[in-house]
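*Asks:*
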Amino acid sequence: MKQKPVLILYLLAITAFIFALLKYIFVGSSISANFLVLEIFSFIGFISVVYFTDRLIRQNKKEKEDAEIAYKEKIDNLQQKIDHYKKSVDNLKKESNTDAKSIDEIDIIKKDLKEITTNASNIRTLGSEILEKIAHYYEIGLGVCYFKIKPSTKFSVQGVYGLNEDEILDEIDEKSGISGESIVNKKAILVNDVDEDYFKIESCSGSSKPKHLYFLPIVVNKETIGLIELATFKLINIDNYWDNISDGIKDLKVI
C-alpha cells in the first residue's frame, strides 16, 4: 500500500468521525456520556486497525524487497562462481594442450644439448642435431637453426627439421621481423597468430598451417650468436624454459 492512499484513508476516517460528532449536536442532551466515550473508543479502534494494517503491509513489503535483494545477490554470486569455474575449465583445457616439462626433464634436455654441443665436429652438424634433440622431447612440426658466423653480422641456416632448405630464408639479421626482435632483445618469443603466408608443414594428411611459432635466441656472453625457430600444432611451453635449456648450447667449440 502506497503512502498517499494510506494518508487519504486516515483523513477520511477523521472526517467521518467529525461528522459523527456533529450529528450529536442535533440530538441534544439525550446522548449519554458513556455513549460518547464508546463512540470515541470505536473511532480509536478503527484508526488503530488502519494503522496496524498499514504497518503490516509496509513490513511485508520491506521483507519482500529484502528477499528480492538477497535472491539477486545469491544469483550474482552463483553467476560469479559459474564464470570462475568456466575460466578454470578453459585453463585446464589449455593446459591439457601443452607439453610442460618438469625441472628434472629440463635438466636432462640441457645435459643432452650440452653433450651434442661439446662433441659436434662442425656448425652444420650442430644445428641439425640440436633440432633433432629438441624434436625428441617436444612435439614440433618443423624447425630451423641459424648461427652467426663471424665476421658476418647475418645469421645463416645451419640446420633444418621437417622441411626443405629452399622453403626458408638463407639468412636473417636484426631487421628480419620477429626473428630480428628475438635476436635484439635476447628473449624467447611465442607467436600464436600465425600468418597464412608462413611456411606449412607437410604430413601424411596433406599440407597444414602450424598454430604456434617459437623464436628462441642462443645467447653467449650477452651476445646473440644463434636463433632457433620452431613451428608446432600445439603449445609446448619451451619458451618458458628456454633460458635454462639454452645453457646446454652455450659452450660452443665450432664457431
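Count the sequence shown with this note's numbering and you get residues 8 to 262, in order. Each residue gets a CB set at the ideal place from its N, CA and C atoms; glycine is no exception. Here the structure is a predicted model, which means the values were calculated and not measured.
By Cβ distance, which residues of its chain are closer than 8 Å to V191, with the 5 residues on each side in sequence left out?
*Replies:* Position 184 of the sequence shown holds residue 191. Same-chain partners within the cutoff: E181 and T231.
*Asks:* Are E178 and S163 close, meaning C-beta to C-beta below 8 Å?
*Replies:* The residue labelled residue 178 in the question sits at position 171 within the sequence shown. The residue labelled residue 163 in the question sits at position 156 within the sequence shown. In contact: E178 and S163 (Cβ atoms closer than 8 Å).
*Asks:* Helix, strand or coil for G148? Go by DSSP, reduced to three states.
*Replies:* What you label residue 148 is simply residue 141 of the sequence shown in a count that begins at 1. It is coil, neither helix nor strand.
*Asks:* Quick check: the Cα distance between F53 and K79, rounded to an integer number of angstroms?
*Replies:* For the purposes of this step, residue 53 is taken as the residue at position 46 of the sequence shown. For the purposes of this step, residue 79 is taken as the residue at position 72 of the sequence shown. Each residue's alpha carbon lies about 39 Å from the other.
*Asks:* To the nearest angstrom, report how far apart A77 and Q87 are at their CA atoms.
*Replies:* If you number the sequence shown from 1, residue 77 lands on position 70. If you number the sequence shown from 1, residue 87 lands on position 80. The straight-line gap from Cα to Cα measures roughly 15 Å.
*Asks:* Within its chain, find whatever has a CB closer than 6 Å to the CB of I116; leave out the 5 residues flanking it on each side and keep chain order.
*Replies:* Working through the sequence shown from its first residue, we reach residue 116 at position 109. Contacts found: Y144 and I252.
*Asks:* Report the option in K155, Y153, F154 and L138 whose CA atom is closest to the CA atom of I147.
*Replies:* Reading the sequence shown from its first residue, position 140 is the one you call residue 147. Of the candidates K155, Y153, F154 and L138, the one whose C-alpha sits nearest the C-alpha of I147 is L138.
*Asks:* Look at the alpha carbon of L170 and the alpha carbon of L237, and state the distance between them as a whole number of angstroms.
*Replies:* For the purposes of this step, residue 170 is taken as residue 163 along the sequence shown, with counting starting at 1. For the purposes of this step, residue 237 is taken as residue 230 along the sequence shown, with counting starting at 1. Near 11 Å, if we compare the C-alpha coordinates of L237 and L170.
*Asks:* Is DSSP giving L237 helix, strand or coil here?
*Replies:* Start at 1 with the first residue of the sequence shown, and residue 237 comes out as number 230. Strand, per DSSP.
*Asks:* Nearest to I156 by alpha carbon, out of L259, V44 and S49?
*Replies:* Here residue 156 refers to the residue found at position 149 of the sequence shown. Comparing Cα positions, the closest option is L259.
*Asks:* Quick one, are the C-beta atoms of I235 and I225 less than 8 Å apart?
*Replies:* Along the sequence shown, read from residue 1 onward, the residue named residue 235 stands at position 228. Along the sequence shown, read from residue 1 onward, the residue named residue 225 stands at position 218. For I235 and I225, yes; Cβs fall inside 8 Å.
*Asks:* Could you name the residues of the same chain whose beta carbon sits closer than 6 Å to that of K257, not counting the 5 residues immediately before and after it, in chain order?
*Replies:* Position 250 of the sequence shown, counting from 1, holds the residue named residue 257. Hits under 6 Å: V227.
*Asks:* Going by the CB atoms, is the gap between I123 and K140 shorter than 8 Å?
*Replies:* Position 133 of the sequence shown, counting from 1, holds the residue named residue 140. Position 116 of the sequence shown, counting from 1, holds the residue named residue 123. Yes, these two residues count as a Cβ contact at 8 Å.
*Asks:* If you check the beta carbons only, do F222 and I185 fall under 8 Å apart?
*Replies:* Within the sequence shown, residue 222 is the residue found at index 215, counting from 1. Within the sequence shown, residue 185 is the residue found at index 178, counting from 1. Yes, the Cβ-Cβ distance between F222 and I185 is below 8 Å.
*Asks:* Pick helix, strand or coil for K94, following the three-state DSSP scheme.
*Replies:* Your numbering for residue 94 matches position 87 in the sequence shown. Correct three-state label for K94: helix.
*Asks:* Need the endpoints of the beta strand (DSSP E) that V201 sits in, please.
*Replies:* The count along the sequence shown starts at 1 and reaches residue 201 at position 194. Looking at the DSSP string, V201 is not in any beta strand (DSSP E), and its letter there is neither H nor E.
*Asks:* Look up I232 in the DSSP assignment and say whether it is helix, strand or coil.
*Replies:* Against the sequence shown, residue 232 aligns to sequence position 225. Note: I232 maps to strand in three-state DSSP.
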